[in-house]
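Student: Let me give you the structure first, and then I'll get to my questions.
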Amino acid sequence: DGGITQSPKYLFRKEGQNVTLSCEQNLNHDAMYWYRQDPGQGLRLIYYSQIVNDFQKGDIAEGYSVSREKKESFPLTVTSAQKNPTAFYLCASSIDGRSARRHNQPQHFGDGTRLSIL
Amino acid sequence: AQTVTQSQPEMSVQEAETVTLSCTYDTSESDYYLFWYKQPPSRQMILVIRQEAYKQQNATENRFSVNFQKAAKSFSLKISDSQLGDAAMYFCAYRHKYNNNDMRFGAGTRLTVKP
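From first to last, the protein sequence lines are chains F and S. If you count the first sequence from 1, position 66 lands on 64 in my numbering, and the numbers rise without skipping. If you want my numbering, it's the 1-based position in the second sequence plus 767.
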């Protein structure tokens, strides 16, 4: 079955430590996204990537970094510069919506990773 | 910037009854998409229904339907014959028609279904 796999499901970070959240998709989607979800708030975009080797900052990119070396993979690193990393992180993917023929495609989401501070 | 507002943090409904979740949005665009996503306790975001702004007909997916009022910038979700499995957080989302990267989400409404 095609889908998006996020790992780990739960992650703990120590002070001053960088941690990396994994996101893999086998949907052959061009675009991938990382969102942060806090209680009482909607999802906020951290980073997105429309094609391999290219990515753009979202609304809350500070303290985070990403890479897109393969179409299937879009890992997110939460760096020590992110002072309030405790949240639920969701990865999503979609067909590239810039194409006029495919602009109505929704984003598909993974199951998420919950990150907490030790 | 586009904003999405869900004014009901929590709602509850009796099993088999009907409930309507509210959503309003702000945009200067004329062509866009609106979505309702469901997030059950498992935390996976599941697409429930979508509406294209240029279509006047309200979208329907089985027991889920929307009331899209473009002039009022309102996009409510109606769940008919509510089931226990409908209990979840529901998020309303807006997206510009050609920009898949700019998806805006509301804060969510937690729906409880009472047996």
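Each residue gets a CB set at the ideal place from its N, CA and C atoms; glycine is no exception. Predicted model only: the values in this text are computed from it and were never measured.
Cβ atoms of I2 of chain F and S71 of chain F: under 7 Å apart, would you say?
Tutor: For S71 of chain F and I2 of chain F, no; Cβs fall outside 7 Å.
Student: Roughly how many angstroms lie between the CA atoms of S849 of chain S and Y857 of chain S, to the nearest whole one?
Tutor: Each residue's Cα considered, the two are about 14 Å apart.
Student: So, helix, strand or coil for D848 of chain S, using DSSP?
Tutor: Three-state result, D848 of chain S: coil.
Student: Distance check for E828 of chain S and Q781 of chain S, CA to CA, integer angstroms please.
Tutor: So the alpha carbons of these two residues sit roughly 21 Å apart.
Student: Please state whether DSSP places D57 of chain F in a helix, a strand or coil.
Tutor: The answer is coil: DSSP assigns D57 of chain F none of H, G, I, E or B.
Student: Hey, D28 of chain F and I58 of chain F: beta-carbon distance below 7 Å or not?
Tutor: Going by C-beta atoms, D28 of chain F is not nearer than 7 Å to I58 of chain F.
Student: Could you tell me the distance, in whole angstroms, from the CA atom of K69 of chain F to the CA atom of N26 of chain F?
Tutor: Going from the Cα of K69 of chain F to the Cα of N26 of chain F covers about 8 Å.
Student: Go ahead and label Q4 of chain F buried or exposed: buried means 16 or more other beta carbons lie within 10 angstroms of its beta carbon, across all protein chains shown.
Tutor: Buried, by the Cβ-count rule.
Student: Using the DSSP secondary-structure output, state which residues sit across from V771 of chain S in a beta bridge.
Tutor: In the DSSP output, where bridge partners are listed per residue, V771 of chain S has S:Y792.
Student: DSSP three-state label for D853 of chain S, please.
Tutor: Note: D853 of chain S maps to helix in three-state DSSP.
Student: Per the DSSP calculation, A860 of chain S is bridged to which residue(s)?
Tutor: According to DSSP, A860 of chain S bridges with S:F802, S:F872.
Student: Go ahead and label F872 of chain S buried or exposed: buried means 16 or more other beta carbons lie within 10 angstroms of its beta carbon, across all protein chains shown.
Tutor: Buried, because 16 or more other Cβ atoms sit within 10 Å of the Cβ of F872 of chain S.
Student: May I ask you to list, following chain order, the residues of the stretch 808 to 838 of chain S that have a beta carbon less than 9 Å from some beta carbon of chain F?
Tutor: Taking 9 Å as the Cβ-Cβ cut-off against chain F, the residues of the stretch 808 to 838 of chain S that qualify are S809, R810, Q811, M812, I813, L814, R817, E819.
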